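Input: a single structure, listed below in structure tokens.
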Amino acid sequence: MASLTLKDIKKVYPNTESGPKKKKKKQQAEEPGKEKANLQITDEGVVAVQKFSLDIADREFIVLVGPSGCGKSTTLRMIAGLEEISSGELYIGDRLVNDVAPKDRDIAMVFQSYALYPHMTVYENMAFSLKLKKMKKEEIDQKVREAAEILDITQYLDRKPKALSGGQRQRVAIGRAIVRQPQVLLMDEPLSNLDAKLRNQMRAEIIKLRQKINTTFIYVTHDQTEAMTLGDRIVIMKDGFIQQIGTPQEVFNHPVNLFVAGFIGTPQMNFFEGSRLVEENGQYAVEVMGKKVVLSEGQQKALKAKGQKSCPVVLGIRPVHMTLDEGGFTGKIEVSEMMGSELHLHMNVDGADVVAIIPTVGIDLEAHSIGKTVRFSFKPELMHIFDVNTGKNLL
Amino acid sequence: MRKVKDGPSAEALALDPTSRGAKSRRMWRRLRDNHPFLIMIFPAVLVVFLFNYLPIYGVLIAFQDFMPGDQIIGPYTHWIGFEHFKRFFTDVQFWPLMKNTFLLCIIGFVIGFPLPIIIALMLNAMKSKKAGKVLQTIFNGPHFISLVVLVGMLTLFFGRYGLVNNIAASLGGERYSYFLESKAFRPMYILSSNWQDFGWSAIIYIAALSNVDPGQHEAAILDGASRFQRVIHVDLPAIMPMISVMLIMSIGGLMGVGYEKVLLMMTDGNLEVSEIIATYVYKQGLTGVPNQGYATAIGLFNSIINVVLLIIANTTSKKFSENSLW
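Protein chains in written order, with the working numbering: chain A, 1 to 395; chain B, 1001 to 1326.
Printed below as a string of structure tokens:
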């Protein structure tokens, strides 16, 4: 059990291409008007992780989340010692571990592909690391059986991985990690290879596991649902940069930019482009779809404090914060998804696709079917206003 | 339309999937659907049939008093049963031949079988992949040297006035006739064979090692395994199925050492150890007054030993592991 500190961690993959090819690639990436490639290409090479700084408290469950190629797995691998840190400092507890071998960092890792040794039984897989430490046989047996008990895999100890299902293999992989009682437990997309139903089950298992073993967790996923349900805090990454760090509630309620707002939350937040923030006589309002919505008192104060001027903005409102059958906005229902307790309505609003989530209790389903026109509105305090140029949240 | 006589009607055949007609129709449909693959495999099957299976009928001369020009099966074929075999088993050369063949093969096997595995594991474990590729290329080079050139090289190095003897002589030592001494034959033969083939034989293991999940290595690193421990606990088990198959095939060919290189290295001085079954067959069948029936019988006996060894190896492997040829 230990805290971690990452200070300005950077990872650069050196160029292996020849000089002229490298120059051409860099020039293409820098061409104006052309969309930049995902990762920064410099003279040194491809920068996969940039200025990553994070303090992780002891026994905290941190989730690194982001789209593919954002640098989350690379960060995890640097913590594990499987990748060299190009610059920056990594502390586990008080120890600087940049140059410490992985086996001496007192960490364990669960891999996406399980990485179980196929020729060993479950027992042998879990005992392997302890045998390498030259522990006594009785001690190894005790630790393995304890871990197996926690994960409910005692009955599989004599089986080989190929005789197990995906979920069972994943539990063995977790068992192999926790049997060492590591200070930090790293998990690299451990549920990605499982089907949806099993993923939900295993998510609950991981939550229960966390309560049982009480160690520091660092969990990598591209699934924002996993991030929201598992993490004490979430680190959202894009293109090697940290976009936002916060609790699930913080990042859901106060996304710092358009990317975080669009990434967190299912269905995705509705974005109304072409909106405008206007300031008249000290009063702020947003002009959207031909209507003016006056901001709440708290929002007014925040903008006044910044001295915010009128500017074009992108207005964001979460589907679950839309109120139907009242208000000045109208939309035509194009898709109606019955989800049981909720109805997801995809509306055409002046050419834009807008999604609203409404509870199904007490509503007229016929009036909310495909082709029908409905009215909707949203509370100002639930609106998010993003600068159209920087994408940053103005509130 | 063909009538089905005294049997079920065509309708009944169509309805009953286990009927002969239904099975035949299924077979033709499978052939039709897979005909591109059958066309692709046909030349290989033809070659194997023409050059490996068709000549098998020639083993019949092992049971005949055969002279060149005789028909293998004809009105004048002189069958003598197992006489050739009896002659071979009672030949004064039998036990020396068996001993020489067995020793040459078994020592060659003991040294030559693990060597490519070790080389493959070492190359795979190298940090610098570039250096590994360079070494692999160097190790593969000798495979392309022909046997004649190889023995020529051995002569240049180990002949009475070769490099080694010249160095020894310049240092005050005596010249040693490596090619005339029985003691030197087996080491020279086996070591030169291994030098020539170990790199090439390692290729198949290197290919198998490239399929090892890198995650297993990373898991082993985190578990605290050293590089050597990872080779033992990750790489070696991963290629064990391949090793089992290669072992079975090697055991099956254990007594089948070819005559060409032995013949090239054979001299009057090392004859007592260099005369093996293959060279004896060659001499009996193609030199002097050829006795092809006798030579065929000896060759057939050698092949039967190999088949028996192959079956034993395969059965044993099947019993103790999940790997076998069939």
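Glycine residues also receive a C-beta, built at the ideal position from the N, C-alpha and C atoms.
Just so we're clear, the structure is a prediction, and the values are computed from it rather than from any experiment.
- Annotation: Cβ neighbours of B:Glu1218 in chain A (cutoff 9 Å, chain order): Arg77, Ala80, Leu82, Pro102, Met109, Phe111 and Ala115.
- Under the 8 Å criterion on CB atoms, B:Gly1215 is classed as interfacial with respect to chain A.
- By the beta-carbon neighbour count (other beta carbons within 10 angstroms, threshold 16), A:Lys143 is buried.
- Runs of the alpha helix (DSSP H) spanning 4 or more residues and lying entirely within the segment 106-172 of chain A occur at 122-132 and 137-151, in chain order.
- B:Cys1105: member of the alpha helix (DSSP H) spanning Phe1094 to Gly1112, first to last residue.
- Residue-level contact by beta carbon fails for B:Gly1132 and chain A, as no gap is shorter than 8 Å.
- In the structure shown, the three-state DSSP call for A:Gly93 is coil.
- Going by beta carbons, A:Ile245 and A:Leu54 fall inside the 8 Å limit.
- For B:Ala1168, the enclosing alpha helix (DSSP H) has its first and last residue at Leu1163 to Ser1170.
- For B:Ala1208, the CB contacts under 6 Å within the same chain, skipping 5 residues up- and downstream, are Ile1239 and Met1242 in chain order.
- Residue pairing from DSSP places A:Gln283 in a beta bridge opposite A:Glu280.
- A:His368 is not a Cβ neighbour of A:Val355, given a cutoff of 8 Å.
- Counting only unbroken stretches of 4 or more residues, the alpha helix (DSSP H) elements lying wholly within the segment 1038-1103 of chain B are 1083-1090, in sequence order.
- Excluding sequence positions up to five before and after B:Asp1235, its CB lies within less than 7 Å of the CB of Leu1121, Asn1124, Leu1209 and Val1212, all in the same chain and listed in chain order.
- Collapsing the DSSP output to three states places B:Phe1185 in a helix.
- Look at B:Ala1225: its C-beta is under 8 Å from a C-beta on chain A.
- At least one CB atom of chain B sits nearer than 8 Å to the CB of A:His119.
- Against chain A, the CB of B:Ile1221 has a partner CB under 8 Å away; the residue lies at that interface.
- Here A:Met78 carries a helix assignment [DSSP, helix/strand/coil].
- Between A:Phe128 and chain B, the shortest Cβ-Cβ separation is below 8 Å.
- Only residues of its own chain outside the window of five on either side were considered, and among them Lys10 have a CB closer than 6 Å to the CB of A:Ser87, listed in chain order.
- The three-state reading of DSSP puts B:Ile1312 in helix, counting H, G and I together.
- The alpha-carbon separation between A:Glu84 and B:Phe1049 amounts to approximately 57 Å.
- Taking 8 Å as the upper bound for CB-CB distance, B:Glu1174 and B:Asn1270 are not in contact here, some 19 Å apart.
- Just measuring C-alpha positions, the residue of B:Asp1268, B:Tyr1189, B:Thr1267 and B:Glu1322 sitting nearest B:Leu1104 is B:Tyr1189.
- Listed along chain B are Gly1224, each with a C-beta nearer than 8 Å to that of A:Lys133.
- One Cα belongs to A:Ile178, the other to B:Phe1320, and the distance between them is close to 33 Å.
- Straight-line measurement puts the Cα of A:Val47 at about 25 Å from the Cα of A:Pro255.
- Annotated three-state conformation of B:Met1255 is coil, per DSSP.
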